[in-house]
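Listed below in structure tokens is the structure:
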């Protein structure tokens, strides 16, 4: 069940209630909504996260998070103290990234099981074909080729990139369109939702929820030609039963930003300074019966 904590729109609470399961690419991502609780500011959001058990230090110790999801970036994060802002932002991204990874891991586990257990039935072959198409293959990839793409991204790396690209969730793009990872679009692109810089031609992909931007971010790294080295590094670590480190994978992101090596070094510095590696391998607490979905509106 979902307890849906929302931030009311200026024109009334009834206009923004979320009454159906959220989905991404046809996949249900949260489940049935059971209850909705409003919040009105970033400060109140931080308090709600505390009350529902999403505390960073507890997560670091337990390597597990309660299913508490923030749907939108609050518009007033910058009004918090530096410590409150950074901690709240990390918690916003954390559970959404864990959820995105667990969805991908479920597909990966299914793919491995299908290929190792038996000859594929028709519906299983169709599922694999659709998965291959989703991950950018035009033909029929080998199992190894597909598994290189159907894989997770370390939470530490995602957090570091979101911190760098969105200025801790305070940028215009983050607040207005949940654009946390700097996915630039061509000036005349009409294929995606976008948000545009004031007085400039810069366009960034925009998303309805934080979870959607996290899932698209992972998909970008898993399919983009510029990130083949990252996928190969991750694959080799898997083959050697080694820990997949966000700090190490960051070295394969020279092409992600015009800043090149300086960008990579900054990501690694953020990971080290904030001890983000401690949040890798975090899992959702599955036995918890209710899920809190916190939805902040961009008009706040």
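Residue numbers (the numbering used here): 4 to 303.
Where is the CB? At the ideal position from N, CA and C, for every residue including glycine.
Contact set for residue i: own chain, Cβ-Cβ below 7 Å, skip 5 residues either direction
i	result
residue 89	171
residue 93	59, 162
residue 167	269, 270, 273
residue 157	247, 248, 249, 252, 283
Where the beta strand (DSSP E) containing residue i begins and where it ends
i	result
residue 198	197 to 199
Unbroken alpha helix (DSSP H) run spanning residue i, endpoints
i	result
residue 207	No alpha helix (DSSP H) holds residue 207; the beta strand (DSSP E) holding it covers 206 to 208.
residue 130	125 to 137
residue 245	Per DSSP, residue 245 belongs to no alpha helix (DSSP H) and is neither H nor E.
residue 177	175 to 180
residue 222	213 to 226
residue 160	158 to 169
residue 150	146 to 152
Beta-ladder partner(s) of residue i, from DSSP
i	result
residue 286	67
residue 188	206
Proximity to residue i [Cα-Cα], best of the options
i	options	result
residue 155	235, 53, 197, 54	235
residue 241	75, 152, 166	152
residue 229	84, 208, 253	253
residue 84	196, 261, 49, 174	49
residue 231	138, 246, 249, 255	255
residue 289	122, 259, 71, 179	71
residue 95	62, 126, 110, 112	62
residue 179	47, 74, 86, 53	74
residue 44	64, 57, 91	91
residue 174	279, 78, 54, 55	78
residue 150	103, 207, 107	107
Contacting residues, own chain, Cβ-Cβ under 6 Å from residue i (five flanking each side not counted)
i	result
residue 146	118
residue 196	209
residue 57	69, 71, 94
Beta-carbon contacts of residue i that lie in its chain and below 8 Å, excluding the five residues immediately before and after
i	result
residue 286	66, 67, 68, 101, 105
residue 3	Residue 3 lies beyond the range of the chain shown here (4 to 303); nothing can be said about it.
Segments assigned beta strand (DSSP E), at least 3 residues, entirely inside the segment 52 to 102:
71 to 73
Entirely enclosed alpha helix (DSSP H) segments - the segment 255 to 281, minimum 4 residues
264 to 276
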